Each structure stands twice: as C-alpha cells, then as structure tokens.
Amino acid sequence: MDALADYDAFQYDNNIKPDYCNANGLEMWDESLTDQDLEEMELTDRWVDWYSECQCYDDPREYIESLKEETTAAA
C-alpha cells in the first residue's frame, strides 16, 4: 500500500531527478492573448494548453514549422 510513497522517499533520499515520464500535456506561451482575454479566461499568465483546432498536428514540431511558414508568407 505504501509502494508509491516508498518509491518517492527512495528518490528523495538518493537525489534522483525525476524524468517526468508520467507527465502529460504540453503548454505554450500565447503572446496573442490580450489582458482582457486573460481576465475572461481567469488566467494569471499566458501559458495555455497546446492544441490544434483542426487536430492535424500530432507532432508539436510540425505545428511550429507551420507557424514559421505562416509568418514568412505574411511578411
């Protein structure tokens, strides 16, 4: 019953840095949010969950590349 607590205590006692393998999700800094957006969304900063409305990006790197292409095309 104490397996997880014992595991955490072992890591702490042995200065083992966690690898975050149990973390999920990805956040991104959204500079497009206005102060009004922050207030409406009850956010204290611009870190938001990463998502794609079209659900066409399985890899965040593909999403970043598409943003670069959009920026280049708009310039």
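Using the working numbering, read the sequence shown as starting at 1408 and increasing by one per residue.
Glycine included, each C-beta is placed from N, C-alpha and C at the ideal position.
Computed from a predicted model, the values in this text were never measured in an experiment.
Per DSSP, the bridge partner or partners of M1448: To locate residue 1448, count along the sequence shown from 1; it is residue 41. Beta-bridge pairing links M1448 to no other residue.
Alpha carbon of D1466 to alpha carbon of Y1458, nearest angstrom: Within the sequence shown, numbered from 1, the residue matching residue 1466 stands at position 59. Within the sequence shown, numbered from 1, the residue matching residue 1458 stands at position 51. About 11 Å.
One or two residues paired with E1567 in a DSSP bridge: Because the chain here runs from 1408 to 1482, residue 1567 falls outside it and cannot be looked at.
Pairwise C-alpha distance: F1417 and L1445: Residue 1445 sits at position 38 when you count from the first residue of the sequence shown. Residue 1417 sits at position 10 when you count from the first residue of the sequence shown. For L1445 and F1417, the distance between alpha carbons rounds to 40 Å.
Span of the alpha helix (DSSP H), counted from its first residue to its last, around T1441: For the purposes of this step, residue 1441 is identified with residue 34 of the sequence shown, where counting begins at 1. Secondary structure note for T1441: it is in no alpha helix (DSSP H), with a DSSP letter that is neither H nor E.
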